[in-house]
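Residue numbers (the numbering used here): 1 to 291.
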């Protein structure tokens, strides 16, 4: 995120959260309502105000202004997670989100080519760019509700699954630029977000060698269940705006790749290309884990 954009985000979210912290839930509701109106002038303020406003609306009539932690996976996804990403989608207009067991074309292609199925191709939440070929860019898997009654095995399985999905999405995007010199490959990324309980972890995936992919954690945050913990939304908003900034970078990256591809067609390039780094997939599994 550029410095000026970060400053805009920081003051937008901090001002709103400080107002919430310093007031009771009843008084905060009046201030947040006015900030939602003011947020129409600034996209970052608009997102911050509406995220807090949504949370306020669901805890306002709860005992102690707190939600129960017992919530099944799909209910939590629909009530607490989907509204966050929908707000980002309709504010910045550069990514489109689909929800609940969305088929990933990139993973289905890998299965078709390899002839083996080692992972499912359905994604809990998937984000695609709204421009060009609508590339699959962000993959989100949720491992149970806040109570985590299904144990750690689901989380471990989903970690492998979401890494596979993100790598497959990255490979599918790179396959459109096979003759481009490999020096630009590290700027091309896909993203994953794993939800374990109330913890959100955002990471990027990029190719760093021949069939070698790096997963780098970018941000982590916890979604609050109580109004007393509303300040935790600062980390949540930081994560959302980090993701939005990375999506914007990938849009610019595609223009660079197309320009390099046109140049490679005009001038013969004898060096290492992206084609040389995208090797066959062992066992049909993106990260090479044998079942």
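Just so you know, even glycine gets a beta-carbon here, dropped at the ideal spot from N, CA and C. Just so you know, these numbers come straight off a predicted model, no measurement behind them.
Report task. State the beta-bridge partners of residue 216 as determined by DSSP. Result -> On the chain shown, position 216 is the one that residue 216 refers to. Under DSSP, residue 216 shares a beta bridge with 204.
Query raised in the report: Nearest-angstrom Cα distance between residue 271 and residue 189?
Result: As a first step, residue 271 must be located in the chain shown, where it is residue number 271. As a first step, residue 189 must be located in the chain shown, where it is residue number 189. Straight-line spacing of the CA atoms in residue 271 and residue 189 works out to 22 Å.
Query raised in the report: If you drop the 5 nearest sequence neighbours on each side, which residues of the same chain put their C-beta closer than 7 Å to that of residue 247?
Result: Locating residue 247 in the chain shown gives position 247, counting from the first residue. Shown here for residue 247: same chain residues with a beta carbon closer than 7 Å to its own, the five before and five after excluded, namely 94, 95 and 137 in chain order.
Query raised in the report: Which of the three DSSP states, helix, strand or coil, is assigned to residue 181?
Result: Sequence index remark: in the chain shown, residue 181 carries index 181 (1-based). For residue 181, the three-state secondary structure derived from DSSP is strand.
Query raised in the report: For the stretch 68-129, which segments carrying the alpha helix (DSSP H) assignment without a break, of at least 4 residues, lie completely within its bounds, in sequence order?
Result: The DSSP assignment places 73-76, 82-92 and 105-114 as complete runs of the alpha helix (DSSP H) inside the stretch 68-129, in order along the chain (cut-off: 4 residues).
Query raised in the report: Does DSSP classify residue 256 as helix, strand or coil?
Result: Here residue 256 is taken as the residue at index 256 of the chain shown, counted from 1. In the three-state DSSP reduction, residue 256 falls in the helix class (H, G or I).
Query raised in the report: Count the other CB atoms within 10 Å of the CB of residue 124; is the residue buried (16 or more) or exposed (fewer)?
Result: Reading the chain shown from its first residue, position 124 is the one you call residue 124. Under this definition residue 124 is a buried residue.
Query raised in the report: CA-CA distance, residue 129 and residue 251?
Result: Numbered from its first residue, the chain shown carries residue 129 at position 129. Numbered from its first residue, the chain shown carries residue 251 at position 251. When rounded, the distance between both Cα atoms is 8 Å.
Requested in this report: Assuming residue 67 and residue 225 form a contact by the criterion Cβ under 8 Å, report the distance between their Cβ atoms to the nearest whole angstrom.
Outcome: Position 67 of the chain shown, counting from 1, holds the residue named residue 67. Position 225 of the chain shown, counting from 1, holds the residue named residue 225. Right, the Cβ-Cβ distance comes to about 4 Å (below 8 Å), so this counts as a contact.
Query - Same chain, Cβ closer than 7 Å to residue 260, neighbours up to 5 away in sequence not counted - result: Along the chain shown, read from residue 1 onward, the residue named residue 260 stands at position 260. Cβ within range, chain order: 180, 181 and 184.
Query - Sequence-distant residues of its chain with Cβ nearer than 6 Å to residue 121 (five each side left out) - result: On the chain shown, position 121 is the one that residue 121 refers to. Residues 103, 104, 107 and 108 of the same chain have their beta carbon placed closer than 6 Å to that of residue 121, with the five preceding and five following residues left out of the count.
Query raised in the report: If you draw a straight line from the C-alpha of residue 238 to the C-alpha of residue 245, how long is it?
Result: The residue labelled residue 238 in the question sits at position 238 within the chain shown. The residue labelled residue 245 in the question sits at position 245 within the chain shown. Near 10 Å, if we compare the C-alpha coordinates of residue 245 and residue 238.
Query raised in the report: Quick one: what's residue 199 bridged to in DSSP?
Result: As a first step, residue 199 is located in the chain shown; it is residue number 199 there, counting from the start. Answer by DSSP bridge pairing, in chain order: 196 and 222.
Query raised in the report: What distance in whole Å lies between the Cβ atoms of residue 216 and residue 168, which are believed to be in contact at a cut-off of 8 Å?
Result: Working through the chain shown from its first residue, we reach residue 168 at position 168. Working through the chain shown from its first residue, we reach residue 216 at position 216. Not quite, the Cβ-Cβ distance comes to about 18 Å (not below 8 Å), so this is no contact.
**Report entry** Outcome for residue 307 when other beta-carbon atoms lying within 10 angstroms are tallied against a minimum of 16
**Finding:** The displayed coordinates of the chain run from 1 to 291. Any statement about residue 307 would go beyond what the structure contains.
Query raised in the report: Which residue comes first and which comes last in the alpha helix (DSSP H) that contains residue 55?
Result: Here residue 55 corresponds to residue number 55 of the chain shown, with the count starting at 1. Bounds of the alpha helix (DSSP H) holding residue 55 are 43-59.
**Report entry** CB contact check: residue 170 to chain B, cutoff 8 Å
**Finding:** Going by chain labels, chain B is absent from the structure shown, which holds only one protein chain.
Requested in this report: Grab me the residues of residue 29's own chain with a C-beta within less than 8 Å of its C-beta, minus the 5 sequence neighbours each way, in chain order.
Outcome: The sequence position of residue 29 within the chain shown is 29, counting from 1. Beyond the five residues adjoining it in sequence on each side, residue 29 comes within less than 8 Å, by CB distance, of 56 and 60 in the same chain, given in chain order.
Requested in this report: Kindly indicate which three-state DSSP category residue 268 falls into: helix, strand or coil?
Outcome: Position 268 of the chain shown, counting from 1, holds the residue named residue 268. Taken through DSSP and simplified to helix, strand or coil, residue 268 comes out as coil.
Query raised in the report: For residue 20 versus residue 230, is the C-beta spacing smaller than 8 Å?
Result: As a position in the chain shown, residue 20 is number 20, starting the count at 1. As a position in the chain shown, residue 230 is number 230, starting the count at 1. Going by C-beta atoms, residue 20 is nearer than 8 Å to residue 230.
Query raised in the report: Mind checking residue 173: buried by the 16 CB within 10 Å criterion, or exposed?
Result: Along the chain shown, read from residue 1 onward, the residue named residue 173 stands at position 173. That one is buried.
Requested in this report: Put residue 66 into one of helix, strand or coil per three-state DSSP.
Outcome: Along the chain shown, one-based indexing puts residue 66 at 66. Here residue 66 sits in strand by DSSP.
Report task. Determine the closest residue to residue 80 out of 249, 199, 242 and 171, with distance taken between C-alpha atoms. Result -> For the purposes of this step, residue 80 is identified with residue 80 of the chain shown, where counting begins at 1. Minimum Cα distance to residue 80 is reached at 199.
Query - Endpoints, beta strand (DSSP E) assigned at residue 230 - result: The sequence position of residue 230 within the chain shown is 230, counting from 1. For residue 230, there is no enclosing beta strand (DSSP E), since its DSSP letter is neither H nor E.
Report task. Taking all protein chains shown into account, decide if residue 196 is buried (16 or more other Cβ within 10 angstroms of its Cβ) or exposed. Result -> Working through the chain shown from its first residue, we reach residue 196 at position 196. With 16 or more other Cβ atoms within 10 Å, it is buried.
Query raised in the report: Shortest alpha-carbon distance to residue 209 belongs to which of 278, 51 and 170?
Result: One-based indexing of the chain shown puts residue 209 at position 209. The residue with the shortest Cα to Cα distance from residue 209 is 278.
Query raised in the report: For the beta strand (DSSP E) that contains residue 143, what are its first and last residues?
Result: Translated into positions along the chain shown, residue 143 becomes position 143. From DSSP, the beta strand (DSSP E) with residue 143 extends over 136-143.
Report task. Mark residue 3 as exposed unless 16 or more other C-beta atoms lie within 10 angstroms of its C-beta, in which case mark it buried. Result -> As a position in the chain shown, residue 3 is number 3, starting the count at 1. Summary for residue 3: the model assigns pLDDT 40, below 50, so the residue's position carries little reliability; its value from the coordinates is reported in the next sentence. Exposed, since its Cβ has fewer than 16 Cβ neighbours within 10 Å.
Requested in this report: Along the alpha helix (DSSP H) that carries residue 275, what are the first and last residues, could you check?
Outcome: Residue 275 sits at position 275 when you count from the first residue of the chain shown. According to the DSSP assignment, residue 275 belongs to the alpha helix (DSSP H) that extends over 274-277.
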